[in-house]
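The numbering of the sequence shown is my numbering, which starts it at 5 and goes up by one. Even for Gly, the Cβ is constructed at its ideal location relative to N, Cα and C. These numbers come from a predicted model, not from an experiment. Read the structure below first, then the notes.
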Amino acid sequence: MKVGILSDTHFGFSWGTAREDESFSQAADAIEKLLKEGVDFIILAGDVFHVPAPPPEIWSRAIDVLSIAKRQESNLKAARSSKPVSRLCLQGTPIVAIHGTHERRARKADTALETLEKVGLVIHLHADTITFEKDGERIAVHGLSGVPEKYTRDALKDWSPKLVPGARNILVLHQNIFPFVYSKDESAGIQLADLPEGFDLYIDGHIHTPILTNYGESPVIISGSTVLTQMKKGEQGEKFCWLYDGKVRQIPISTRPFFYVEVKADNDTPTELQKKIDDMVLKFPKDSLVKIKITGRLKAGYTSADLSFSPKSQAIISIDRDFETEESLPESRPLTETAVSLLSSKLREMGFKSSVDISRLYDLLVEGRLDEAAKLVEEGT
Ligand SMILES: [Mn+2]
Numbered sequence: 005m006k007v008g009i010l011s012d013t014h015f016g017f018s019w020g021t022a023r024e025d026e027s028f029s030q031a032a033d034a035i036e037k038l039l040k041e042g043v044d045f046i047i048l049a050g051d052v053f054h055v056p057a058p059p060p061e062i063w064s065r066a067i068d069v070l071s072i073a074k075r076q077e078s079n080l081k082a083a084r085s086s087k088p089v090s091r092l093c094l095q096g097t098p099i100v101a102i103h104g105t106h107e108r109r110a111r112k113a114d115t116a117l118e119t120l121e122k123v124g125l126v127i128h129l130h131a132d133t134i135t136f137e138k139d140g141e142r143i144a145v146h147g148l149s150g151v152p153e154k155y156t157r158d159a160l161k162d163w164s165p166k167l168v169p170g171a172r173n174i175l176v177l178h179q180n181i182f183p184f185v186y187s188k189d190e191s192a193g194i195q196l197a198d199l200p201e202g203f204d205l206y207i208d209g210h211i212h213t214p215i216l217t218n219y220g221e222s223p224v225i226i227s228g229s230t231v232l233t234q235m236k237k238g239e240q241g242e243k244f245c246w247l248y249d250g251k252v253r254q255i256p257i258s259t260r261p262f263f264y265v266e267v268k269a270d271n272d273t274p275t276e277l278q279k280k281i282d283d284m285v286l287k288f289p290k291d292s293l294v295k296i297k298i299t300g301r302l303k304a305g306y307t308s309a310d311l312s313f314s315p316k317s318q319a320i321i322s323i324d325r326d327f328e329t330e331e332s333l334p335e336s337r338p339l340t341e342t343a344v345s346l347l348s349s350k351l352r353e354m355g356f357k358s359s360v361d362i363s364r365l366y367d368l369l370v371e372g373r374l375d376e377a378a379k380l381v382e383e384g385t
């Protein structure tokens, strides 16, 4: 059997901007390439959508993309699974998906992936295992959807996925794994050595830069995103989908070209700096993505607040004006994590006990389930 792998499609990323098609077209390219390779099923390792409750127009585009896999029949059987799997889900080339940090909702609310599962577009795993069979060969996919980083270790321990004998076993996660973290401001709940042993392949979503490494004898695929969400220097490389048939192969996907450039302000006035940038941006191809990081210093008396230009270019330009500090804040840390950490520190200041599950409290507040939120607070104080 051949397995296709992709992750972090972030459907709906940059919706309403010049980049709104990218998340869909690049994921579609990945799925089409995998089908062309004749994969029997596809693993999608989380952050399928960019937001937990996308509007109908994003659903519509996402359904178009995921339906591509329905066009090619792979005649798989689900030999065994820890949850019921409808026949609809097995039609075409099945997509097995876990949800990520961007789709997480309050404990009892459906994630977008549960809805996709109801219409047969994905098989959603959360601490679940499904074993596929074809021509006497078996592959077991064990998936744990994204959990807050500090609970990764406990979630893995509580679940304790059991290897299926006589099958190739694949473990799928959506977590930070040290040292392959998302940004230096984020923590990782586990390192490679904390992964359960004995799987033939490990797949991790969440980290947007693709990495292929090893855990013991087994490959670890950090799939990387299919769309560029961060515009960091390290993200200038290619984006991939992956093939696994006992061996691992990367397949580059067609992406919008991205360039990261640094421009040094050498005691320039804003007008002088603008001229430098205007001249430089001319060389970038139409519709490419360019991030300009300004370094150095402006002429005395000027600050970055005096820079208000938008250079004329056929490329899509984004300028980092915050150049007095060398390192800027991470741009794309999921908003939820920032909000939860703010809420957590505020509550601690107010004397809340650490036993309150802040992450759950936040989810309940966002969902407007105030009675349950109040109950949770009472329990924890
Ligand atoms: Mn992601």
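DSSP three-state assignment for Gln-30, whether helix, strand or coil: Walking along the sequence shown from the start, residue 30 turns up at place 26. In the structure shown, Gln-30 sits in a helix (DSSP, three-state: H, G or I).
For Pro-183, three-class secondary structure by DSSP: Within the sequence shown, numbered from 1, the residue matching residue 183 stands at position 179. Pro-183: coil per DSSP, three-state reduction.
Same chain, Cβ closer than 8 Å to Val-43, five either side skipped, listed in chain order: Reading the sequence shown from its first residue, position 39 is the one you call residue 43. Once the five neighbours on either side are set aside, the close Cβ partners of Val-43 are Lys-6, Val-7, Gly-8, Ser-78, Thr-97 and Leu-247.
Alpha-carbon to alpha-carbon, Met-354 and Glu-24: Numbered from 1 along the sequence shown, position 20 holds the residue referred to as residue 24. Numbered from 1 along the sequence shown, position 350 holds the residue referred to as residue 354. Distance between Glu-24 and Met-354, taken at the CA atoms: about 41 Å.
Glu-330, DSSP secondary structure in three states: As a first step, residue 330 is located in the sequence shown; it is residue number 326 there, counting from the start. Confidence at Glu-330 is low in this model, with a pLDDT of 36, below 50, so its placement is unreliable and no value can be given for it.
Within 8 Å, strictly: CB atoms of Ile-102 and Val-176: Taking the sequence shown and counting its residues from 1, the one referred to as residue 102 is at position 98. Taking the sequence shown and counting its residues from 1, the one referred to as residue 176 is at position 172. Closer than 8 Å, so yes.
Whole-angstrom distance between Ile-134 and Ile-204, CA atom to CA atom: For the purposes of this step, residue 204 is identified with residue 200 of the sequence shown, where counting begins at 1. For the purposes of this step, residue 134 is identified with residue 130 of the sequence shown, where counting begins at 1. At residue 204 the sequence reads Asp, which differs from the Ile that was named. Straight-line Cα distance between these residues: approximately 15 Å.
Ser-78: CB within 7 Å of a non-hydrogen atom of ligand 1: One-based indexing of the sequence shown puts residue 78 at position 74. Ser-78: no, Cβ never under 7 Å from ligand 1.
Any non-hydrogen atom of ligand 1 closer than 7 Å to His-14 Cβ: Stepping through the sequence shown from its first residue, residue 14 is reached at position 10. The answer is yes for His-14.
Nearest-angstrom Cβ-Cβ length linking Glu-371 and Ala-116, presumed shorter than 8 Å: Along the sequence shown, one-based indexing puts residue 371 at 367. Along the sequence shown, one-based indexing puts residue 116 at 112. Cβ-Cβ separation between Glu-371 and Ala-116: approximately 14 Å, too far for a contact (criterion under 8 Å).
Coarse secondary structure for Ser-258, derived from DSSP in three states: As a first step, residue 258 must be located in the sequence shown, where it is residue number 254. Coil.
Pro-274: first and last residue of the uninterrupted alpha helix (DSSP H) it sits in: In the sequence shown, the residue the question calls residue 274 occupies position 270. Per DSSP, Pro-274 belongs to the alpha helix (DSSP H) from 274-285.
Where the beta strand (DSSP E) through Thr-135 begins and ends: As a working mapping, residue 135 is identified with position 131 in the sequence shown. Thr-135 -> beta strand (DSSP E) spans 132-138.
Near ligand 1: Gly-238 beta-carbon under 7 Å from a heavy atom: Reading the sequence shown from its first residue, position 234 is the one you call residue 238. No, ligand 1 has no heavy atom inside 7 Å of this Cβ.
At least 3 beta-carbon pairs within less than 8 Å: the region 190-197 vs the region 167-176: no
Alpha-carbon spacing of Ala-73 relative to Arg-84, whole angstroms: On the sequence shown, residue 73 is found 69 positions in, with the first residue counted as 1. On the sequence shown, residue 84 is found 80 positions in, with the first residue counted as 1. Looking at the two C-alpha atoms, the distance is approximately 22 Å.
Minimum Cβ-Cβ distance from Leu-10 to chain D less than 8 Å: Among the chains of the structure shown, chain D does not appear; only one protein chain is present.
Cβ pair Val-69, Ile-47 closer than 8 Å: Position 65 of the sequence shown, counted from the first residue, corresponds to residue 69. Position 43 of the sequence shown, counted from the first residue, corresponds to residue 47. With respect to Ile-47, Val-69 sits apart: the two C-beta atoms are not nearer than 8 Å.
Ile-127 versus Ala-113: straight-line alpha-carbon distance, rounded: The residue you call residue 127 lines up with position 123 of the sequence shown. The residue you call residue 113 lines up with position 109 of the sequence shown. Looking at the two C-alpha atoms, the distance is approximately 17 Å.
Top-ranked residue by Cα proximity to Ala-386, from Ile-99, Lys-316 and Ile-323: For residue 386 there is no data in the structure shown, the boundaries of the chain being 5 and 385.
Any non-hydrogen atom of ligand 1 within 7 Å of Gly-104 CB: The count along the sequence shown starts at 1 and reaches residue 104 at position 100. Correct: Gly-104 has its Cβ closer than 7 Å to ligand 1.
Rounded C-alpha distance that separates Val-52 from Val-344: Position 48 of the sequence shown, counted from the first residue, corresponds to residue 52. Position 340 of the sequence shown, counted from the first residue, corresponds to residue 344. Per the coordinates, the alpha-carbon of Val-52 lies some 21 Å from the alpha-carbon of Val-344.
C-beta atoms of Leu-129 and Ile-67 nearer than 8 Å: Working through the sequence shown from its first residue, we reach residue 129 at position 125. Working through the sequence shown from its first residue, we reach residue 67 at position 63. Taking 8 Å as the Cβ cut-off, Leu-129 and Ile-67 do not qualify as a contacting pair.
Alpha-carbon spacing of Gly-104 relative to Pro-56, whole angstroms: On the sequence shown, position 100 is the one that residue 104 refers to. On the sequence shown, position 52 is the one that residue 56 refers to. Using only the alpha carbons, I get a separation of about 10 Å.
Contact belief for Glu-12 with Ser-258 at Cβ below 8 Å, rounded distance in angstroms: As a first step, residue 12 must be located in the sequence shown, where it is residue number 8. As a first step, residue 258 must be located in the sequence shown, where it is residue number 254. For the sequence presented, residue 12 should be read as Asp rather than Glu. Their Cβ separation, rounded to whole angstroms, is 17 Å, which puts Asp-12 and Ser-258 out of contact at 8 Å.
Whole beta strand (DSSP E) elements within the region 149-208, 3-residue minimum: 172-177 and 205-208
Which of helix, strand or coil DSSP assigns to Glu-341: Residue 341 sits at position 337 when you count from the first residue of the sequence shown. DSSP places Glu-341 in helix when its eight states are reduced to three.
Own chain residues within Cβ distance below 8 Å of Thr-329, not counting five before or after: Residue 329 sits at position 325 when you count from the first residue of the sequence shown. Confidence in Thr-329 is poor, its pLDDT being 38 and thus under 50, which makes the residue's placement too unreliable to answer from.
Proximity below 8 Å, CB of Lys-87 to CB of Glu-137: For the purposes of this step, residue 87 is taken as the residue at position 83 of the sequence shown. For the purposes of this step, residue 137 is taken as the residue at position 133 of the sequence shown. Not in contact: Lys-87 and Glu-137 (Cβ atoms no closer than 8 Å).
Any non-hydrogen atom of ligand 1 closer than 7 Å to Asp-208 Cβ: Residue numbering aside, residue 208 sits at position 204 when the sequence shown is read from its first letter. Not so, every heavy atom of ligand 1 lies at least 7 Å from the Cβ.
Coil, strand or helix - Tyr-306 by DSSP: The residue given as residue 306 occupies position 302 in the sequence shown. In the structure shown, Tyr-306 adopts coil according to DSSP, grouped into three states.
Assigned secondary structure, Ile-72 (DSSP; H/G/I helix, E/B strand, else coil): Counting from 1 along the sequence shown, the entry for residue 72 is found at position 68. Helix.
Collapsed DSSP secondary structure at Ser-222 in the structure displayed: As a first step, residue 222 is located in the sequence shown; it is residue number 218 there, counting from the start. Reduced to three states, the DSSP call for Ser-222 is strand.
C-alpha gap between Ile-62 and Gln-318, whole angstroms: Your numbering for residue 62 matches position 58 in the sequence shown. Your numbering for residue 318 matches position 314 in the sequence shown. Whole-angstrom Cα-Cα distance: 27 Å.
Classification of Leu-374 by the beta-carbon crowding that lies within 10 angstroms, buried from 16 upward: Residue mapping note: residue 374 aligns to position 370 of the sequence shown, counting from 1. Label assigned to Leu-374: exposed.
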